[in-house]
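Right, one structure below, let's go through it.
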Amino acid sequence: FLTPLLRSSYVVVLPEYTFNYPIYTKADSVSTWVVQWYCLLEKITDDEARPIFSACLPVIYYGNLDVALYLLPHLILHVILSASASDIQNIVNEILLVLNTNSKLDKADQKNRASLQAVVAITEHCRQWLYRAGSRDTTMVGRFLEAIPDKLMAKASFYAKAYPQALMHFENYIKTSSSNLLEDEETMRFLRHIYVKTENMQDLQALLSMYSIRFSNDEEIIRFENMGKWKEAEIYHMDNVAKNPHDLSACMSFLECLKKSGSYASILYFSDKYVDANPHWSTHMNAFKMDAAWRMGDWNALDEASKHQTIETTESFIARALGSMKKNRNLEAASYIEHARRDLISSLGAKTIESYQKSYQTIFKLQQLQELEDAQKAWESKDPIEKVSELENKWNRTLKLLMPQYQHIHDLLELRRTALYDIRPRQQSVSCGGIWLDIAKYSRKNGHLIVALDAIVNAERAGNEITHREKAKWLWQTGRRQDAVTMLTNLEDVTANDAIILNSFYLKDSSIYNGEKARFYMTHARKGPEKQEKANVQYAMYLCKQCTGRPPSICIRVYEIIIKTVLKALSCGSKYYYTSMSKFINYWVKMVSLADENRKSSEGQSFAETLTRTNELIRTALTKVPIYQFGKFLTRLISHLTVGNTDMANTLSCIIEAVFSTYPRNTIWLLLNTLDGRTPLLTDRINTILGRVKANKQNTVIPLVIEQATYFRNFLHRVSKYTVGDRAQSTLNLKDIPKLKQVLNFDGFVLTVPRESSLFPRLPELIKKGETFDPFPGEIVTITKVMPEVDVMRSLQQPKRITFVGSDGKNYKFLCKANDDLRKDARMMEFNYMINSFLKKNPDSRDRNLYIRTYAVIPLGEEWGLIEWIDNLFPLKAIATDIYNNLGIKANQVQIEYRNKRQLPGLTDEELLELFKKVLAQSPPVLHKWFLKSFPEPNQWLASRTRYVKTLAVMSIVGHMLGLGDRHAENILFDRTNGDTVHVDLNMLFDQGLRLNVPEVVPFRLTHNLVDAMGIVGYEGQFRKTCEIVLQILLNNRQALTGVFQTLFNEWSQSDARDRASRTMGVLKKKYATAEESGVEAEVDRLIKAATDIGNLSKMFPGI
1 FLTPLLRSSY VVVLPEYTFN YPIYTKADSV STWVVQWYCL LEKITDDEAR
51 PIFSACLPVI YYGNLDVALY LLPHLILHVI LSASASDIQN IVNEILLVLN
101 TNSKLDKADQ KNRASLQAVV AITEHCRQWL YRAGSRDTTM VGRFLEAIPD
151 KLMAKASFYA KAYPQALMHF ENYIKTSSSN LLEDEETMRF LRHIYVKTEN
201 MQDLQALLSM YSIRFSNDEE IIRFENMGKW KEAEIYHMDN VAKNPHDLSA
251 CMSFLECLKK SGSYASILYF SDKYVDANPH WSTHMNAFKM DAAWRMGDWN
301 ALDEASKHQT IETTESFIAR ALGSMKKNRN LEAASYIEHA RRDLISSLGA
351 KTIESYQKSY QTIFKLQQLQ ELEDAQKAWE SKDPIEKVSE LENKWNRTLK
401 LLMPQYQHIH DLLELRRTAL YDIRPRQQSV SCGGIWLDIA KYSRKNGHLI
451 VALDAIVNAE RAGNEITHRE KAKWLWQTGR RQDAVTMLTN LEDVTANDAI
501 ILNSFYLKDS SIYNGEKARF YMTHARKGPE KQEKANVQYA MYLCKQCTGR
551 PPSICIRVYE IIIKTVLKAL SCGSKYYYTS MSKFINYWVK MVSLADENRK
601 SSEGQSFAET LTRTNELIRT ALTKVPIYQF GKFLTRLISH LTVGNTDMAN
651 TLSCIIEAVF STYPRNTIWL LLNTLDGRTP LLTDRINTIL GRVKANKQNT
701 VIPLVIEQAT YFRNFLHRVS KYTVGDRAQS TLNLKDIPKL KQVLNFDGFV
751 LTVPRESSLF PRLPELIKKG ETFDPFPGEI VTITKVMPEV DVMRSLQQPK
801 RITFVGSDGK NYKFLCKAND DLRKDARMME FNYMINSFLK KNPDSRDRNL
851 YIRTYAVIPL GEEWGLIEWI DNLFPLKAIA TDIYNNLGIK ANQVQIEYRN
901 KRQLPGLTDE ELLELFKKVL AQSPPVLHKW FLKSFPEPNQ WLASRTRYVK
951 TLAVMSIVGH MLGLGDRHAE NILFDRTNGD TVHVDLNMLF DQGLRLNVPE
1001 VVPFRLTHNL VDAMGIVGYE GQFRKTCEIV LQILLNNRQA LTGVFQTLFN
1051 EWSQSDARDR ASRTMGVLKK KYATAEESGV EAEVDRLIKA ATDIGNLSKM
1101 FPGI
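When you line the sequence shown up against UniProt numbering, it's residues 1 to 1104, in that order.
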């Protein structure tokens, strides 16, 4: 039967056809238009590509539209790259014909919408090719895209639902227009819809607030729903329904809003009301009724709704499955779950191509189905009580992996409560109280206090024994502080966990009860089996406050207890790591200072004994506190080795020795910069540590690590100091340099590649006794060899880019710098690591994926070292100058003239301002062009622009708080692959920029080019919101941050710089105080105004 087909060949003979431009207006359908255009283009392809496109011609000619639509963008791109100018112009004219014909598209027919989608696919494919083109000539494709007006392309993209592309074209259209198009109602309407569709609510809010327009109901709804004000949104929804009682979409939107506010009874009422008025809506309304019924636990209403026909949605399938499970119709329930899962998976394919973010709603629904299935399996098992308990533990872990969005968490918790408990037979040994408490906690934290109270009441009804804790927190948050305290203190048995809550209240407001009660609860909290890290950190914070105004004899004893307490906290976990570790170092230093200052007093002996006892305590703690806890602060511990107190120095040496002995390959890099510094005492002590470890670990890899590290450091030092005579020379070959080529003979070092991940350990949140933890997970990547080719940078100091080959076969690049103190850069980077950990823990910043872009900085001496190289970084100055040159603007000349004029004697601020305005007029903002050129594909353009704004905002606030200076246009770089903002040369900290010859009088750099690249709303959208979130996080973690800064100032104090340390700490505290007093929003507003003030900018860097 099949054999003839296997040995036969066929020839398709197509009828003669002749198609001519224009095609679109003569075609009666999209299919006809696409097929005829394909046939016309196929004839003009060159010999190389014709076989491919010709082979598909029969399939397309006879009506396979899917194949035609897929191939058409590829065919057109090929024609653009190979055909004549007239052929390309014909393509442009055909596209313009489609766009102009459909420029007023509203609810048009399928032909118009499909033809626009085809045009958008063509241009998007060309932009994707531009992004991947590399070194190929892109001139023809660039000209083709430029020939299509942005306004037409923007509308087409919008109607084709290609919203990132629509936004890109609208923004470019607005920027290149001479008039203020944001005053145009049509443009504003398009932009508002685009921001909604791209889920960019911050920019939408900014757009709505920037222009004095009357908001429509839909816009008011968007504003209130974005703020979580569901009741206010309901009012506008109801008005929409009243005006359009027969508009199904308006009614469904209202019911969705009711669902989000938890008004399930109202959904049942309005659903029936709408069906009475519009009987043909019954299938849609029934789906809402079924969903609301199970959430309310109204199973009769669910049974009644299930009898009627309904649209098939995930929500309706879940409702039916729950109803079937309650009646023990398990096979029926399984079929509903499977049906819903198949529908979701089929819709997932197209979405995952775009992004995980866009497909998250579908993935979340699949998670709901899985948990529904898991709950059923647990109750069908032989021992359901045990399985339910196991499932709850698993679900608690899963909950932490969800995106931190309240609606998702609330929906999942409601489903868990119903699937695991509400539809099951009553059991004495199981209770849904725990899930009700979870609902209460997440609702309270997100400001939904009514929902939280309802959940607390239900938890009490379910018999949960710890409901009082959540109730106390609820009372405190609603302002009833004394009621919250009374609820807990009046308990018959105040447990350790109750005491922890009371302690958190007391640390926020010490007036809630007297000191005696405070001491009792602080002590009581530390006796419990759980949350020991938090209890000990609370006690340490309490003790810190008790030192104020006390005599030294009392303070030194309190310091001893603080150190003992935070060491206990460090043995339990790392959730409060930076608070604990900074207090450990700071109070140890304070104790040494007190002992030294009172050495000759009558209490000197007592002070010395206390210090000796504390040092012994610390040495003993090395057997109880995991060594990796000290590893993250190793550089800080090393810098304190300059202490004059021998006993403290010996104890510090024990800690450093323990860390190095445990993780020699990782930590050796952090020790090398001390080996020949200007502080002989530090050098001697480190050499002593290395010598002792080397002697004690003869049969380990440690002696080889020390030997190779010393050799490698000397080699790198010679590389950094090597001077190239010819300034034009950009490369070196180590083979040609006798003093350097020996390193090429080594084949396999035991040293790790000094990346971020291999230098600083990751820490577990909870430390369990008996469990092992690897702070440096994954493969240890060692340096196998050094590449002979070295790049020489064209700057005065001639830094060299050197490449190490790792044991994983990858190349790792580092910049070897001389005559530059990298220790401050390294310290700033450590601060950034700490702040990144705070950003990851905060739900708002984690949801927005906020972070500081970091890299490894390894000082190897006092004025030289290595910096991890990041490819594809371009400085702001180079980017802007390149664009200006292409536009024929001599920006450098403009800036030089400005600098010369500003140095004229007697120049007033007013005259300087006028000069600066002329510079701005001659150097217009152009940075947005770099994003269009670097990321021509719309989805990548929007993603990279978003990352740019967020990373710039994060570092702006962090830089302000740390007083980061020297932020000129060559120290701010952008990643060509993703838009990230990266700051380099981080050694000017704590407002030293104010002491430059030209003082930096702005809190952070926010010049017109940086604002220009943010889009239409500038800094008013995502930038401002990100700044507010980051500043709030820094305020929330104030104690940990100031504690870490104090460890640095301790080092200054030991270097006879006490006054500087005191002043700097005062400035830092003042910044925190100002932000707290003004409020986060007001402080961010003040900072942005100062950063963009033209008067301030005129006194600083011109132009860019």
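Heads up, the beta-carbon is just placed ideally off N, CA and C, and yes, glycines get one too. Because the structure is a prediction, the values reported are computed rather than measured.
Beta bridge counterpart(s) of residue i as assigned by DSSP
{"i": "L873", "result": "D975"}
{"i": "C816", "result": "K800, L866"}
{"i": "A789", "result": "Residue identity check: residue 789 is Glu in the sequence provided, not Ala. Paired residues: N733."}
{"i": "P859", "result": "G865"}
{"i": "T623", "result": "The partner list for T623 (beta bridge, DSSP) is empty, contrary to what the question assumes."}
{"i": "T782", "result": "T752"}
{"i": "N811", "result": "V805"}
Residue i and residue j closer than 8 Å at C-beta
{"i": "N1096", "j": "V1002", "result": "yes"}
{"i": "W281", "j": "A319", "result": "no"}
{"i": "K1071", "j": "M961", "result": "yes"}
{"i": "L191", "j": "I1016", "result": "yes"}
{"i": "W930", "j": "I879", "result": "yes"}
{"i": "G631", "j": "P775", "result": "yes"}
{"i": "L1010", "j": "L952", "result": "yes"}
{"i": "S845", "j": "I1033", "result": "yes"}
{"i": "F364", "j": "H339", "result": "no"}
{"i": "K1099", "j": "L912", "result": "yes"}
{"i": "E94", "j": "P149", "result": "no"}
{"i": "V1080", "j": "E1020", "result": "no"}
7 Å CB neighbourhood of residue i in its chain, flanking five on each side removed
{"i": "A277", "result": "P245"}
{"i": "I767", "result": "S571, C572, G573, P626"}
Buried versus exposed call for residue i [16 or more other C-beta atoms within 10 Å across all chains shown]
{"i": "A350", "result": "Because the pLDDT at A350 is just 48, under 50, the model does not fix this residue reliably, and the value given afterwards should be weighed accordingly. By the 10 Å Cβ count, A350 comes out exposed."}
{"i": "N811", "result": "exposed"}
{"i": "T688", "result": "exposed"}
{"i": "S934", "result": "buried"}
{"i": "E530", "result": "exposed"}
{"i": "R967", "result": "buried"}
{"i": "L994", "result": "exposed"}
{"i": "E390", "result": "exposed"}
{"i": "I618", "result": "buried"}
{"i": "T352", "result": "Bear in mind that the predicted position of T352 carries a pLDDT of just 46, short of 50, making it unreliable; the figure below should be weighed with that in mind. Flag for T352 reads exposed."}
{"i": "A162", "result": "buried"}
Cβ of residue i within 8 Å of any chain B Cβ
{"i": "K929", "result": "Structure shown: chain B not included; a single protein chain is present."}
Nearest candidate by alpha-carbon position, reference residue i, set the options
{"i": "K260", "options": "T710, A154, H448", "result": "H448"}
{"i": "H237", "options": "M227, N217, A518, K229", "result": "N217"}
{"i": "K741", "options": "P775, S730, V786", "result": "V786"}
{"i": "D66", "options": "S84, P51, V35", "result": "V35"}
{"i": "F760", "options": "K824, A484, A856, N673", "result": "A856"}
{"i": "L652", "options": "E707, W588, S593", "result": "W588"}
{"i": "V388", "options": "R127, E492, A419, L412", "result": "A419"}
{"i": "I267", "options": "P279, S249, A287", "result": "A287"}
{"i": "D647", "options": "V954, E616, W669, I627", "result": "E616"}
{"i": "V894", "options": "Q940, V919, L887", "result": "V919"}
{"i": "S553", "options": "G604, Y24, M581, T579", "result": "G604"}
{"i": "E234", "options": "V1030, S253, A133, I466", "result": "S253"}
{"i": "E225", "options": "C257, W474, D239", "result": "C257"}
{"i": "G963", "options": "M285, Y578, F990, P777", "result": "F990"}
{"i": "L860", "options": "Y851, D909, S271, V719", "result": "V719"}
Beta-carbon contacts of residue i that lie in its chain and below 8 Å, excluding the five residues immediately before and after
{"i": "Q538", "result": "I500, N503, S504, L507, M522, A525"}
{"i": "V12", "result": "P58"}
{"i": "Y576", "result": "E533, K534, V537, A569, A1040"}
{"i": "Q361", "result": "none"}
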